[in-house]
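Just remember that our numbering sits 9 ahead of the position in the sequence shown, which is counted from 1.
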Amino acid sequence: MKRILIIVFLLLSSLLFASCKGDGPEPEESGKELTAFEKVQDAKAKLSLGDLSNVIANIALPKVGEHEVLIDWESDKPEILSNKGVVNRPEDKDVVVNLTAKLSFGASTDTKLFRVTVKAIPQDVSGKLNEARNSFVLYPLESVISDTIVLPRVADQHLIYLEYETSNPNVIDLDGNVTRTDREQTVDIKVKFSLEGETVEKTFTLKVAPKTGASDIVTLDDPRILRKVSVKNNIELVAAVNNAKAGDAIILEDGRYRNINLLVTKSGTMENPIFIIARNPGRASIEGESSLTVRANHVVVANLLITNGNPSVDKGAVILEGDYLRFTNCRIDNFQLEVNDYKWLSLTGRFHEIDRNIFINKRTGGSLLTIWRNDRSPNFHHIHLNQFVNYKDGGGLNGYETIRVGTSDHSQSDSYVIIENNLFEEVNGEIEIISIKAGRTIVQGNTFKKCVGMVTSRHGKNNLIQNNVFLADNIKDTGGVRAYDGGHIIRNNYIEKVDTSSNTRGPIVIHSGTSIPGETTVLNSQWTAYNILVEGNTIVNSTQSVLFCGKYTYSAKDIFLKDNLIVSKANEAAFRFDKAPVNAVYENNRVYASKLTDHRGTVQLESIEGVAFSTTLPTLTPNAQGLLLQEGIGARGLEVMTATNCGTTWR
Numbered sequence: 010m011k012r013i014l015i016i017v018f019l020l021l022s023s024l025l026f027a028s029c030k031g032d033g034p035e036p037e038e039s040g041k042e043l044t045a046f047e048k049v050q051d052a053k054a055k056l057s058l059g060d061l062s063n064v065i066a067n068i069a070l071p072k073v074g075e076h077e078v079l080i081d082w083e084s085d086k087p088e089i090l091s092n093k094g095v096v097n098r099p100e101d102k103d104v105v106v107n108l109t110a111k112l113s114f115g116a117s118t119d120t121k122l123f124r125v126t127v128k129a130i131p132q133d134v135s136g137k138l139n140e141a142r143n144s145f146v147l148y149p150l151e152s153v154i155s156d157t158i159v160l161p162r163v164a165d166q167h168l169i170y171l172e173y174e175t176s177n178p179n180v181i182d183l184d185g186n187v188t189r190t191d192r193e194q195t196v197d198i199k200v201k202f203s204l205e206g207e208t209v210e211k212t213f214t215l216k217v218a219p220k221t222g223a224s225d226i227v228t229l230d231d232p233r234i235l236r237k238v239s240v241k242n243n244i245e246l247v248a249a250v251n252n253a254k255a256g257d258a259i260i261l262e263d264g265r266y267r268n269i270n271l272l273v274t275k276s277g278t279m280e281n282p283i284f285i286i287a288r289n290p291g292r293a294s295i296e297g298e299s300s301l302t303v304r305a306n307h308v309v310v311a312n313l314l315i316t317n318g319n320p321s322v323d324k325g326a327v328i329l330e331g332d333y334l335r336f337t338n339c340r341i342d343n344f345q346l347e348v349n350d351y352k353w354l355s356l357t358g359r360f361h362e363i364d365r366n367i368f369i370n371k372r373t374g375g376s377l378l379t380i381w382r383n384d385r386s387p388n389f390h391h392i393h394l395n396q397f398v399n400y401k402d403g404g405g406l407n408g409y410e411t412i413r414v415g416t417s418d419h420s421q422s423d424s425y426v427i428i429e430n431n432l433f434e435e436v437n438g439e440i441e442i443i444s445i446k447a448g449r450t451i452v453q454g455n456t457f458k459k460c461v462g463m464v465t466s467r468h469g470k471n472n473l474i475q476n477n478v479f480l481a482d483n484i485k486d487t488g489g490v491r492a493y494d495g496g497h498i499i500r501n502n503y504i505e506k507v508d509t510s511s512n513t514r515g516p517i518v519i520h521s522g523t524s525i526p527g528e529t530t531v532l533n534s535q536w537t538a539y540n541i542l543v544e545g546n547t548i549v550n551s552t553q554s555v556l557f558c559g560k561y562t563y564s565a566k567d568i569f570l571k572d573n574l575i576v577s578k579a580n581e582a583a584f585r586f587d588k589a590p591v592n593a594v595y596e597n598n599r600v601y602a603s604k605l606t607d608h609r610g611t612v613q614l615e616s617i618e619g620v621a622f623s624t625t626l627p628t629l630t631p632n633a634q635g636l637l638l639q640e641g642i643g644a645r646g647l648e649v650m651t652a653t654n655c656g657t658t659w660r
């Protein structure tokens, strides 16, 4: 009898562990919960702001530390460094600021002092250029690992513009296209930094990693699997996860796994990941109040259906917190209680791959896929071949993004996230379908069908938005791309049948802002667009094809429009100038519209140098994919994403 009671006790203990929340700190080996004092002390020990001896830009000050410890900040020189981390550099000499972190958890509190040296603004152009050259990073990894990189157009400060030369355009060309082969290659990239007629140069030698094969669809025949462990209920699943080793495949048999909060802390290796995989795709379902948190490295989650329930934590149904994690061939469908806001998928860490999934029928707030950036480190996530379908209109509220990259706190640093070859269909949560709050993010090759919203570069510099297809179908307040801040490239996009008269929406929107172009401002403010390249796009049958937004104080500056084709909707104008940009340069653009400029704007023009304008609308013949392209100008070489070339292998 005693033995039976012990067995029952052990089984109940395992079940209890399965239902523990996955968003808290990893328990100690003894299972003892840290006291409030211990949590504060551990958070204090782990709190770091990096090198503070040479500060020239805003500092990201976290509000929450380890163990959800709250952090308030106090600066003894808020005119130099504010309590929010905004830096106002002195003009004459460096200034040392005492910055105090006040940590609290419940009734337990403590402080930690940081000494910050804020560097004076260089007094001459040469000093500014040398500062930019010395701090500039072209690529942060030892080798280039993607087929596209961003060649930034602007430096972080001082309105410094960048130009490039490449020693071998067959390896990396001036558009950032990378040609990888079966061997490592090297290429020299010369960067020219320019300000007020003066220039300095710096040459970077980049290694280009050999090309690897595309990620395969995961099956039980994967050669990286060393051992297979079959599970058919929560207790067995938790036990298998807790005892997993590199190369294990934890195979979920057909069935419903309800009310399970699964925490994975065991890591695989690059050669032999740990797999959590349904034996039959879509026939093992996570249901009820559940979540899956992976706090480990080299883990693959595949073939699951997540439905008939809601996330047990607001951070999401799936939370990936380690490095080199993959979420593939899964479907999250209508997983929410409508009274609460939830994310569905949250990413921290680096080098995650999110591919071949379907995310469908989200009706609540909380960005669907959220990339958290807890510091200024790059992320290198790859989000590709997914379907995002039917995200309910949030009624004008914020927080209904389909994908959000970062937050304003770390927006003036680079993510290196690539979002490509996905299908977005009827995702109408808010104006920002993809909200980019980071630098050097690439959004390319995606298709947007009937989406009331836009790809928005909201904060951060030097983002690349190219090769996308927007099929708006004349639905009110649809759009394409809009840009704040500096250095973005909007290239080779196809935008069709956008219908809006909004002063913030359109096929392409270049924003005014609250900052002098090239200067810093409050991180969550509207940074004015500058040095934006709009090149090789095709916009057809739309209203206000290019809108220069006039909502804020400062006009956009140095906007370059080149090789674009605009065929406006009948009786509509091509350009709308609510606030005329400072130094807009037009080159080889072809425009067909009833009028060149919209009557709702503040500027009316009959002609623009660099724009060939005609009021006779041409007849364009659809290509095999139904796109209305014109030979020799505008977008080309595009692929329309559909339910047949992305999403899960099962329905």
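The beta-carbon is built from N, C-alpha and C at its ideal position, and this holds for glycine as well.
Rounded to the nearest angstrom, what separates residue i and residue j at their Cα positions?
i, j, result
"residue 378", "residue 259", "25 Å"
"residue 277", "residue 344", "29 Å"
"residue 7", "residue 617", "Lying outside 10 to 660, the shown extent of the chain, residue 7 is not represented and no answer is given."
"residue 464", "residue 117", "43 Å"
"residue 660", "residue 369", "12 Å"
"residue 642", "residue 504", "14 Å"
"residue 390", "residue 452", "12 Å"
"residue 140", "residue 99", "15 Å"
"residue 176", "residue 327", "44 Å"
"residue 201", "residue 136", "15 Å"
"residue 449", "residue 542", "14 Å"
"residue 78", "residue 633", "57 Å"
"residue 22", "residue 115", "Any answer about residue 22 is weak, because its pLDDT of 44 lies below 50 and its placement is not dependable; what the coordinates show is given next. Residue 22 and residue 115: Cα-Cα distance of roughly 28 Å."
"residue 199", "residue 423", "20 Å"
"residue 185", "residue 349", "42 Å"
"residue 362", "residue 279", "13 Å"
"residue 291", "residue 55", "41 Å"
"residue 95", "residue 519", "25 Å"
"residue 488", "residue 615", "25 Å"
Are the beta-carbon atoms of residue i and residue j separated by less than 8 Å?
i, j, result
"residue 438", "residue 411", "yes"
"residue 250", "residue 337", "no"
"residue 597", "residue 567", "no"
"residue 506", "residue 476", "no"
"residue 229", "residue 125", "no"
"residue 383", "residue 71", "yes"
"residue 7", "residue 223", "Outside the displayed span of the chain (10 to 660) sits residue 7, for which this structure offers no information."
"residue 401", "residue 371", "yes"
"residue 559", "residue 367", "no"
"residue 644", "residue 547", "yes"
"residue 235", "residue 256", "yes"
"residue 627", "residue 595", "no"
"residue 484", "residue 431", "no"
"residue 138", "residue 207", "yes"
"residue 460", "residue 436", "yes"
State the start and end residues of the unbroken alpha helix (DSSP H) segment that holds residue i.
i, result
"residue 47", "45-55"
"residue 249", "243-251"
"residue 585", "Note, residue 585: premise wrong, no alpha helix (DSSP H); beta strand (DSSP E) at 582-586."
"residue 564", "Premise fails: residue 564 is in no alpha helix (DSSP H) and is neither H nor E."
"residue 592", "It is not in any alpha helix (DSSP H) - residue 592 instead sits in the beta strand (DSSP E) that spans 591-596."
"residue 150", "Run containing residue 150: none; DSSP gives neither H nor E here."
Exposed or buried, what is residue i when buried is set at 16 or more other beta-carbons lying within 10 Å of its beta-carbon?
i, result
"residue 613", "exposed"
"residue 171", "buried"
"residue 289", "exposed"
"residue 524", "buried"
"residue 132", "exposed"
"residue 621", "exposed"
"residue 515", "buried"
"residue 582", "buried"
"residue 347", "exposed"
"residue 619", "exposed"
"residue 650", "buried"
For the beta strand (DSSP E) containing residue i, name the first residue and the last one.
i, result
"residue 271", "270-273"
"residue 399", "396-400"
Inter-stretch contact at 8 Å, needing at least 3 Cβ pairs: the segment 415-422 / the segment 529-543: Inter-segment contact for the segment 415-422 and the segment 529-543 is present: three or more beta-carbon pairs are separated by less than 8 Å.
Meets three-Cβ-pair contact criterion under 8 Å: the segment 142-161 and the segment 105-112: With the cut-off at 8 Å, the segment 142-161 and the segment 105-112 do not touch.
Cβ contact (3+ pairs, closer than 8 Å) linking the segment 81-92 and the segment 149-169: The segment 81-92 makes no contact with the segment 149-169, as fewer than three CB pairs between them are under 8 Å.
Contact between the segment 396-410 and the segment 167-181 (3+ Cβ pairs under 8 Å): Two segments are said to touch when three or more pairs of C-beta atoms, one from each, lie closer than 8 Å; by this definition the segment 396-410 does not touch the segment 167-181.
Cβ contact check for the segment 282-299 and the segment 262-270: 3 or more pairs under 8 Å: Below 8 Å, enough C-beta pairs join the segment 282-299 and the segment 262-270 to call them touching: three or more.
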